[in-house]
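Since the structure comes first, as structure tokens, the remarks are kept for the end.
2 protein chains.
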Amino acid sequence: MGLSERQQRIYEFITKFMGEKGRPPTIREIGAKVGITSTSVVNYNLNILVREGLIQREKEVSRGLRVIGANAKSMVGGASFVQIPLLGKIAAGHPIPVPDAGLAPLDGEVLSLTRDLIPDQEGLFALEVKGNSMIDALINDGDIVVMKKQETAQNGDMVAVWLKDEKETTLKRLYRERSRIRLQPMNPTMKPFYADPRNVEVQGKVVLVIRQLQKLPA
Amino acid sequence: MGLSERQQRIYEFITKFMGEKGRPPTIREIGAKVGITSTSVVNYNLNILVREGLIQREKEVSRGLRVIGANAKSMVGGASFVQIPLLGKIAAGHPIPVPDAGLAPLDGEVLSLTRDLIPDQEGLFALEVKGNSMIDALINDGDIVVMKKQETAQNGDMVAVWLKDEKETTLKRLYRERSRIRLQPMNPTMKPFYADPRNVEVQGKVVLVIRQLQKLPA
DNA sequence: TTATACCACGAACGCTTGTTCTGTGTCAAG
DNA sequence: CTTGACACAGAACAAGCGTTCGTGGTATAA
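Spelled out as structure tokens, the structure:
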């Protein structure tokens, strides 16, 4: 990568500014930080970063920069995020809350996650785990599970199923066998559970699990 | 909350726009979307949202909006994010890679996470888990662990320790007892491991665990 | 010595974007 | 009927911001 030191500093400033301020910097803000007094020089260097595939620009739009850095974990662009409603809790003894149509961000808590973690898609919602019943899914009390609303599952999907007879929610990988359903714990040292298909109600598919071990400021 | 329908639509548009474009909308972009032809009316409604504590504004700054919505999981503001270097892998048979001073985002892969998940702080880095050896920490092969670089631990901290005699990395809660160290698995059904303090090298503290069950676009 | 590429810079301009001013309409309360 | 609050609207202006132009310096290769 043939970047000058100045270009590297510009790139680092952009990503840091974005993270702190929630908006991209202007050409003049970049210049002020890296000691370039001419907007033309900043413009020239930004065009180099575009050529190198590190940023994108939109013409004649204020703050029309966007980081797409080749070293980002994905190419989706870390500055974007999705908002996922946090609907409540998931616990063994209850069916999970599933979202109604057309939830707006004002109707309750929302979790913002970068698109590095999860792309935007329909039907996402989040639940907080209550109790130790998901341990066999390697999921702990207090973890957050992000799910996609769907009532069918492909073999191998990690799903939340409601077992009607047992009156219990469980998170396991689901496989259809000849006349029964195998619910396979994520923990490879544990044995599967077999259920009659009529007893199994798929409520959503798990797409992301998050465990925070640090208390956030209230 | 006394918002009109129009104000709610403005607020939803701002958060959605931010998530998609990676920058806040302008007053004219908001007006175009919610059908307000006058910048003065958009301005008036934005001031209501400020009064209600849903957004912040900076004067005479382009795109100087910021969502701080009372329904966000935290008040930090979901539009901001931190960038954490993804240094490599963590596996049982090797000490973990720890960051050198002053890593720049250009020097390798970076994970962007919203500050809803983790506040910005010094010494953060991420590792990808290799193998099933962290199962007792309820951590699976392929999970991402975000750690904070520190060589000391308080009782109860979830830490990565290198056991010198065993030549093994493990993730457990650490407690100092009279003459030994107790390493307690996160899985409450498992027994602790006791170690001589001289055998234990704390390499970092786990602050966040992420499990992606969905493949991201390459 | 000349040509080319890269890097740098100030200035000016055009457009984008936010703020302010003046005016109008509706509704509820007194 | 009057007053005040709220919501709306167009226009103008001020400030912010990106683009372009003309110019200059350095290094390298021919």
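As given, the protein sequences belong to chains V and A, one line each in that order. For reference, each letter of the first sequence is one residue, going 1 to 218 in my numbering. For reference, each letter of the second sequence is one residue, going 219 to 436 in my numbering. The beta carbon of each residue, even a glycine, is placed where N, CA and C say it ideally should be.
CB residue i to CB residue j, shorter than 8 Å?
i	j	result
L345 of chain A	I302 of chain A	no
R227 of chain A	V268 of chain A	no
L426 of chain A	L335 of chain A	yes
V379 of chain A	V418 of chain A	yes
I273 of chain A	T257 of chain A	no
P337 of chain A	R284 of chain A	no
P313 of chain A	L305 of chain A	no
G131 of chain V	D141 of chain V	yes
D196 of chain V	R182 of chain V	no
S442 of chain A	R198 of chain V	The question about residue 442 of chain A has no answer, for chain A in this structure spans 219 to 436.
E270 of chain A	L221 of chain A	yes
K385 of chain A	G311 of chain A	yes
Give me, in chain order, the residues of the same chain whose beta-carbon lies closer than 8 Å to that of residue i; leave out the 5 immediate sequence neighbours on both sides.
i	result
E29 of chain V	F17
N155 of chain V	L174, Y175, R176
N261 of chain A	I245
V328 of chain A	Q301, I302, P303, L304
F231 of chain A	P243, I248, K251, V252
Should residue i be labelled buried (16 or more other beta-carbon atoms within 10 Å of its own) or exposed?
i	result
Y194 of chain V	exposed
T169 of chain V	buried
Q402 of chain A	buried
R396 of chain A	exposed
K172 of chain V	buried
D136 of chain V	buried
K73 of chain V	Note that K73 of chain V has pLDDT 47, beneath the 50 cutoff, so the model's placement of it is unreliable and the number below is only indicative. That one is buried.
K215 of chain V	exposed
K21 of chain V	buried
For a contact meaning CB atoms closer than 7 Å, what does residue i contact in chain A?
i	result
D116 of chain V	L329, S330
S80 of chain V	G237, E238, G240
R66 of chain V	G240
Can you pull the chain V residues whose beta carbon is under 9 Å from the beta carbon of residue i, in chain order?
i	result
Q368 of chain A	Those within 9 Å of Q368 of chain A in chain V number zero; the least Cβ separation is about 12 Å.
I353 of chain A	L138, N187, P188, T189
I428 of chain A	L117, L208, V209, I210, R211
Note down, in chain order, each residue of its chain lying with its Cβ closer than 7 Å to the Cβ of residue i, except the 5 sequence neighbours on either side.
i	result
K205 of chain V	M147, K148, Q150, A153, D157, M158, V159
L331 of chain A	F299, V300, I302
Q225 of chain A	N263, I266, L267
T189 of chain V	none
Just to confirm my understanding: we take residue i, look at its own chain, exclude 5 residues before and 5 after, and list those with CB closer than 6 Å. What are they?
i	result
G219 of chain V	Coverage of chain V is limited to positions 1 through 218, which leaves residue 219 of chain V absent and any answer about it impossible.
T15 of chain V	V67
V420 of chain A	E369, A371, V377, V379
M186 of chain V	A137, L138
T255 of chain A	none
M352 of chain A	L389
G249 of chain A	V260
For the ligand NAP, I want to know if residue i counts as a neighbour, meaning its beta carbon is within less than 7 Å of at least one of the ligand's heavy atoms.
i	result
V377 of chain A	Ligands displayed in this structure: none; no statement on the ligand NAP is therefore possible.
What residues of chain A sit near residue i, judged by a beta carbon separation below 9 Å?
i	result
S62 of chain V	R241, T244, S280, R281
L87 of chain V	Ordered by position in chain A, no residue passes the 9 Å Cβ test against L87 of chain V, which lies about 12 Å from the chain.
T169 of chain V	Near T169 of chain V there are no residues of chain A at all, since even the closest Cβ is about 17 Å away, more than 9 Å.
Run through chain A and tell me which residues come within less than 8 Å of residue i, C-beta to C-beta.
i	result
R182 of chain V	Neighbours of R182 of chain V on chain A: none; closest Cβ ~18 Å, over 8 Å.
Give the interface partners of residue i over in chain V, defined as CB-CB distance under 7 Å, in chain order.
i	result
N350 of chain A	P188
Could you name the residues of chain V that residue i contacts, counting a contact when the two beta carbons are closer than 8 Å?
i	result
Q372 of chain A	Going along chain V, no residue has its Cβ under 8 Å from Q372 of chain A, so there is no contact; the nearest lies around 12 Å.
Q421 of chain A	By Cβ distance, chain V contributes nothing, its closest Cβ being about 16 Å from Q421 of chain A, past 8 Å.
Task: Ordered list of beta strand (DSSP E) runs contained in the segment 123-181 of chain V, each at least 3 residues - done: 124-129, 144-148, 158-163, 168-176
Open item on the list: Quick check on the DSSP output: what are the complete beta strand (DSSP E) runs of length 3 or more inside the segment 177-216 of chain V, in order along the chain?
Closed with: 181-184, 193-195, 200-212
Task: Runs of alpha helix (DSSP H) lying entirely within the segment 229-285 of chain A, each at least 4 residues, in chain order - done: 245-252, 257-269
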